[in-house]
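Mapping of the sequence shown onto this note's numbering: residues 15 to 213, in sequence order.
All C-beta atoms in this analysis are idealised placements derived from N, C-alpha and C, irrespective of residue type, glycine included.
This report refers to the structure that appears directly beneath it.
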Amino acid sequence: MRRTGIAAVVFAIGIVVPACQSDGIGAPVDESRAGYGGMGIRPPASPDGTVPLLGPETFPCQRGTDGAGYTKYGVGRMRRGGLEPEKLERDHVMIDGHGVNFHGSRRVVDGGTIEMEMDEDYFGPTVLKGPAGATVTIELENEGIRAHNFSVLGQDIDLDCGVRARDEVEVVFPRSGLLAFTCKFGATSGMRGALTVTG
Numbered sequence: 015m016r017r018t019g020i021a022a023v024v025f026a027i028g029i030v031v032p033a034c035q036s037d038g039i040g041a042p043v044d045e046s047r048a049g050y051g052g053m054g055i056r057p058p059a060s061p062d063g064t065v066p067l068l069g070p071e072t073f074p075c076q077r078g079t080d081g082a083g084y085t086k087y088g089v090g091r092m093r094r095g096g097l098e099p100e101k102l103e104r105d106h107v108m109i110d111g112h113g114v115n116f117h118g119s120r121r122v123v124d125g126g127t128i129e130m131e132m133d134e135d136y137f138g139p140t141v142l143k144g145p146a147g148a149t150v151t152i153e154l155e156n157e158g159i160r161a162h163n164f165s166v167l168g169q170d171i172d173l174d175c176g177v178r179a180r181d182e183v184e185v186v187f188p189r190s191g192l193l194a195f196t197c198k199f200g201a202t203s204g205m206r207g208a209l210t211v212t213g
């Protein structure tokens with residue numbers, strides 16, 4: 015019986031190894047739409063044709079989809095089985111009549127760049143202060159454990175950012191006052207912020 019088991023293992027190896035090779039050199043077989051986890055997700059190949067290690071640059075933000083699919087699998091606002099928003103943080107502030115989870119403010123200059131963290135129900139920094147009409151590049155990074163969004167009404171900015179996603183977006187400060195930005199998935203839970211004009 016021991017010889018039968020050994021023979022079965024040798025036979026299985028003899029079938030599996032050739033099936034996993036391509037052109038006899040051991041390269042993986044290209045299975046279209048297989049991707050990671052069989053979900054049709056595949057990182058872009060580098061210029062030399064190799065697939066890079068999976069890092070934040072592998073998962074860029076995508077044009078917004080009006081929230082389609084966000085609650086489909088029980089994440090986000092549906093994570094507790096209903097449509098009830100998360101409670102605001104104890105030190106939240108009010109911006110433009112809405113409760114906002116406040117995670118700091120930063121001054122920016124026209125033509126400048128700033129990093130912004132997207133996490134569970136907040137943007138950090140939450141408020142950007144800059145001159146009227148300034149154009150600023152925001153480097154977004156989703157450091158949370160669920161998808162987030164960055165939307166600015168009137169500027170055609172609507173980006174859905176999956177976990178670990180990174181991207182850049184250019185925003186233009188208003189001529190006066192403030193211009194709000196939101197995560198359309200978590201806005202009612204305090205995931206909002208503002209571009210505020212300062213002297």
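Residue range of the beta strand (DSSP E) that includes GLU129: Reading the sequence shown from its first residue, position 115 is the one you call residue 129. Its beta strand (DSSP E) spans residues 127-133.
Of the listed residues ASN163, GLY144, LYS198, GLU155, nearest to ALA179 (C-alpha basis): The sequence position of residue 179 within the sequence shown is 165, counting from 1. Per the Cα distances, GLU155.
Within 10 angstroms of its Cβ, does ASP105 collect 16 or more other Cβ (buried), or is it exposed? In the sequence shown, the residue the question calls residue 105 occupies position 91. Its Cβ having fewer than 16 others within 10 Å, ASP105 is exposed.
Quick one: what does DSSP say GLY96 is sitting in, helix, strand or coil? Against the sequence shown, residue 96 aligns to sequence position 82. At GLY96, the pLDDT of 42 sits below 50, so the modelled position is not reliable and the matter cannot be decided from this model.
Use the C-beta contact count for ILE159: other C-beta atoms within 10 angstroms, 16 or more gives buried, fewer gives exposed. By one-based count along the sequence shown, residue 159 stands at place 145. ILE159 should be labelled exposed.
Using a 10 Å radius around the Cβ and a threshold of 16 neighbouring Cβ atoms, would you call SER203 buried or exposed? In the sequence shown, the residue the question calls residue 203 occupies position 189. Buried.
Say whether the stretch 120-140 touches the stretch 165-173, bearing in mind that this needs 3 or more beta-carbon pairs closer than 8 Å, one atom from each stretch. No, the stretch 120-140 does not touch the stretch 165-173.
Under the rule that 16 or more other beta-carbon atoms within 10 Å means buried, what is MET132, buried or exposed? Taking the first residue of the sequence shown as position 1, residue 132 is located at position 118. When all chains shown are included, MET132 counts as buried.
Pull up the DSSP beta-bridge partners for ALA161, would you. As a position in the sequence shown, residue 161 is number 147, starting the count at 1. Per DSSP, none; premise fails for ALA161.
Measuring CA to CA, which of GLU129, VAL107, TYR136 is closest to THR151? Here residue 151 corresponds to residue number 137 of the sequence shown, with the count starting at 1. The option with the nearest alpha carbon to THR151 is GLU129.
Residues near VAL177 by beta carbon distance below 8 Å, same chain, minus five either side: Here residue 177 refers to the residue found at position 163 of the sequence shown. If we look at VAL177 and ignore the five residues flanking it on each side, its Cβ neighbours are PHE73, ASN156, GLY158, ILE159, ARG160, ALA161.
Between which two residues does the beta strand (DSSP E) carrying ASP172 extend? Reading the sequence shown from its first residue, position 158 is the one you call residue 172. Note, ASP172: beta strand (DSSP E), 171-175.
Boundaries of the beta strand (DSSP E) in which HIS112 is found, first to last residue: Taking the sequence shown and counting its residues from 1, one reaches residue 112 at position 98. Run containing HIS112: 112-114, per the beta strand (DSSP E) assignment.
Spatial neighbours of SER190 in its chain, beta-carbon cut-off 6 Å, leaving aside the 5 residues before and after: Along the sequence shown, one-based indexing puts residue 190 at 176. The answer, listed in chain order, is VAL211.
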